[in-house]
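Under my numbering, residues 483 to 902 are what the sequence shown spells out, in order. Note that the Cβ used here is the ideal one computed from N, Cα and C, for glycine as well. Here the structure is a predicted model, which is why all the values come from computation and not from measurement. Here's the structure, in structure tokens; my notes come after.
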Amino acid sequence: MTNSIRTTALALLFLVSFFNYMDRYMLAVLLPAIKADLQLSDTEIGFITGLAFTLFYATMGIPIARLADRYSRKNIIAIALTVWSAMTAVCGLAQNFVQLAVARVMVGVGEAGASPPSHSLIADLFPVEKRARAISVYALGAPVGILIGFMLGGWITQLYGWRAALFTVGIPGILVALVVYRKLQEPERGAADGLARKTEVQPFWFSLKTLMSSPTFRHLSVGTGLYTVVWLGVVQWLPSYFTRSFGLEIGEVGTWLAIILSVSQIIGMLLGGWLADRLGAADLRWYVWVPSLAILVSTPMFALTFLTQNPTIAFLSLFLPFMIGVMQGPPSFAVAQGLADIRMRAMAAALLLLITNLIGGGIGPQAVGIMSDYLAAGYQQDSLRYALLAVSLVFGLWSSLHYFLAGKTIRREFRSPGKV
């Protein structure tokens, strides 16, 4: 496969990732308007942004991954993009909590078809020594999607309302799905590892047992999930935090957050992939040590954001913890691919996402919402401030520990090129 084909494929997968994250996280900046319009509590908001989306996003990833290990990954991605884009627009029609929750469930079902086949494609497009960097480029869709989503969402909501914002981002995704279907080429499975031959897809329970019997995979999954509690809990509630604690307009908040979060994460993801590949070439343990150190250093930095009374300091102090923290992402998914047989790669990505999202999405936004409601009697509008601080510190340090423990077994379990 030529370099131009690889580049085109990676660019299209980046575009899929971009729409995935833009559609998913734009809702965060719309929450103050949605809360006021539909009269929702923080607990209900936490459910819509957390469990309603995450439960189905995570669990549907497994059967979709099984299909991706058997059939065309390109077709699965195109269908998934069509479904979640349409349902994002449908969210704009919701008139109450139940309708919005159901629409978010369907967005989660659609988005479940993006990451497992995309990671599997990347693993077959790029050799192991370039894989973390390729996954970094794919993962850049997240900060860029959040950048556009927060900026568009904030200003469209301020000018035209939150429903218009969801229509604006949902409909174009259907057109992009058509481009993916027509232009994305399917690589031969295992070609990047010198294993380009027919292999049998293993039974589901065998694949599950194989992956979960790996101590490295278990610690990797739990560590990624616990950091996702921090990431999702903070990102989903940041717009509400700045509007409540500092009385800022949502358009201004969306613009500031879009710039800070996107730039910090672009730098962090590229740096994380590059650093893990560079250090991992000498010692595979760096593929999990880089995430462990990144989370250990970055998590306490959130304290300044949530304790300061100055909104400018609160905004600017987000840059370093997000830049350093997201360095954990690309190495994590590169390790998951390196622990799996070539016909288990989509399954490995889906299982990592399942555990990650059940822990992170199930606990993160919901825990912050419940804690904020609980603290509201004593702290009024500052209840969200202290809920965010507690969740970020506890779960971040816990996550770092699991990544460190994964380093004890990775060298004997990682599959080198040529090993099936």
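Please say whether residue j and residue i have beta carbons closer to each other than 8 Å?
{"i": "Ala832", "j": "Gly543", "result": "yes"}
{"i": "Gly631", "j": "Val651", "result": "yes"}
{"i": "Leu470", "j": "Lys665", "result": "Outside the displayed span of the chain (483 to 902) sits residue 470, for which this structure offers no information."}
{"i": "Gly846", "j": "Thr710", "result": "yes"}
{"i": "Gly477", "j": "Leu870", "result": "Because the chain in this structure spans residues 483 to 902, residue 477 falls outside the shown range and cannot be described."}
{"i": "Ile555", "j": "Glu668", "result": "This sequence places Arg at residue 555; Ile is not what is there. Yes; because the gap between Cβ atoms is below 8 Å, this pair is in contact."}
{"i": "Pro598", "j": "Ala818", "result": "no"}
{"i": "Ala740", "j": "Met633", "result": "yes"}
{"i": "Leu537", "j": "Gly844", "result": "yes"}
{"i": "Ser703", "j": "Tyr885", "result": "no"}
{"i": "Gly528", "j": "Gly707", "result": "no"}
{"i": "Ala478", "j": "Ile638", "result": "As shown, the chain starts at 483 and ends at 902. That puts residue 478 outside it, with no answer to give."}
{"i": "Arg893", "j": "Leu766", "result": "yes"}
{"i": "Gly851", "j": "Thr525", "result": "yes"}
{"i": "Ser727", "j": "Gln810", "result": "no"}
{"i": "Leu693", "j": "Met783", "result": "no"}
{"i": "Tyr620", "j": "Phe496", "result": "yes"}
{"i": "Leu522", "j": "Ala616", "result": "no"}
At the level of alpha carbons, what is the spacing between residue i and residue j?
{"i": "His601", "j": "Phe815", "result": "8 Å"}
{"i": "Lys901", "j": "Val658", "result": "Caution is warranted here: a pLDDT of 37 is assigned to Lys901, below 50, making its placement in the model unreliable, and the coordinate value is therefore given only provisionally. Distance between the alpha carbons of Lys901 and Val658 is about 36 Å."}
{"i": "Val587", "j": "Ala764", "result": "43 Å"}
{"i": "Phe500", "j": "Thr787", "result": "27 Å"}
{"i": "Pro906", "j": "Leu835", "result": "There is simply no residue 906 to check, as the chain begins at 483 and stops at 902 in what is shown."}
{"i": "Thr698", "j": "Gly729", "result": "45 Å"}
{"i": "Leu549", "j": "Ile559", "result": "11 Å"}
{"i": "Leu629", "j": "Met508", "result": "9 Å"}
{"i": "Arg867", "j": "Pro625", "result": "23 Å"}
{"i": "Ala859", "j": "Ala568", "result": "40 Å"}
{"i": "Leu761", "j": "Phe608", "result": "18 Å"}
{"i": "Asn839", "j": "Leu798", "result": "28 Å"}
{"i": "Ala547", "j": "Ala518", "result": "38 Å"}
{"i": "Leu582", "j": "Pro514", "result": "15 Å"}
{"i": "Val772", "j": "Ile530", "result": "33 Å"}
{"i": "Tyr553", "j": "Leu603", "result": "12 Å"}
{"i": "Val735", "j": "Leu720", "result": "9 Å"}
{"i": "Ile795", "j": "Gly754", "result": "26 Å"}
{"i": "Ser695", "j": "Gly532", "result": "28 Å"}
For my contact list, residue i and residue j are in at a C-beta cut-off of 8 Å; report their separation, rounded to the angstrom.
{"i": "Ala562", "j": "Gly590", "result": "Not a contact, Cβ separation roughly 11 Å."}
{"i": "Gly574", "j": "Gly636", "result": "Contact doesn't hold; Cβ gap of about 16 Å is too wide."}
{"i": "Phe724", "j": "Pro803", "result": "The pair is not a contact, with the Cβ atoms about 16 Å apart (cut-off 8 Å)."}
{"i": "Asp895", "j": "Leu821", "result": "Before going on, a small fix: residue 895 reads as Glu here, not Asp. 6 Å between Cβ atoms; contact."}
{"i": "Ser881", "j": "Ile777", "result": "5 Å"}
{"i": "Thr781", "j": "Leu641", "result": "Not a contact, Cβ separation roughly 36 Å."}
In three-state DSSP terms, what is residue i?
{"i": "Leu690", "result": "helix"}
{"i": "Lys901", "result": "Confidence is the limiting factor: at Lys901 the pLDDT is only 37, short of 50, which leaves the residue's position unreliable, though a coordinate-based value still follows. DSSP places Lys901 in coil when its eight states are reduced to three."}
{"i": "Gln863", "result": "helix"}
{"i": "Gly543", "result": "helix"}
{"i": "Val498", "result": "helix"}
{"i": "Lys612", "result": "helix"}
{"i": "Ala576", "result": "coil"}
{"i": "Pro721", "result": "helix"}
{"i": "Arg664", "result": "helix"}
{"i": "Ala621", "result": "helix"}
{"i": "Ser695", "result": "coil"}
{"i": "Gly895", "result": "The question names Gly, but residue 895 in the sequence shown is Glu. The answer is helix: DSSP assigns Glu895 an H, G or I state."}
{"i": "Arg586", "result": "helix"}
{"i": "Gly729", "result": "coil"}
{"i": "Lys517", "result": "helix"}
{"i": "Gly643", "result": "coil"}
{"i": "Lys531", "result": "Looking at the sequence itself, residue 531 is Thr, so the reference to Lys does not match. Note: Thr531 maps to helix in three-state DSSP."}
{"i": "Asn792", "result": "coil"}
{"i": "Leu821", "result": "coil"}
{"i": "Glu734", "result": "helix"}
Below 8 Å, can you find three or more Cβ-Cβ pairs linking the stretch 866-881 to the stretch 747-765? no
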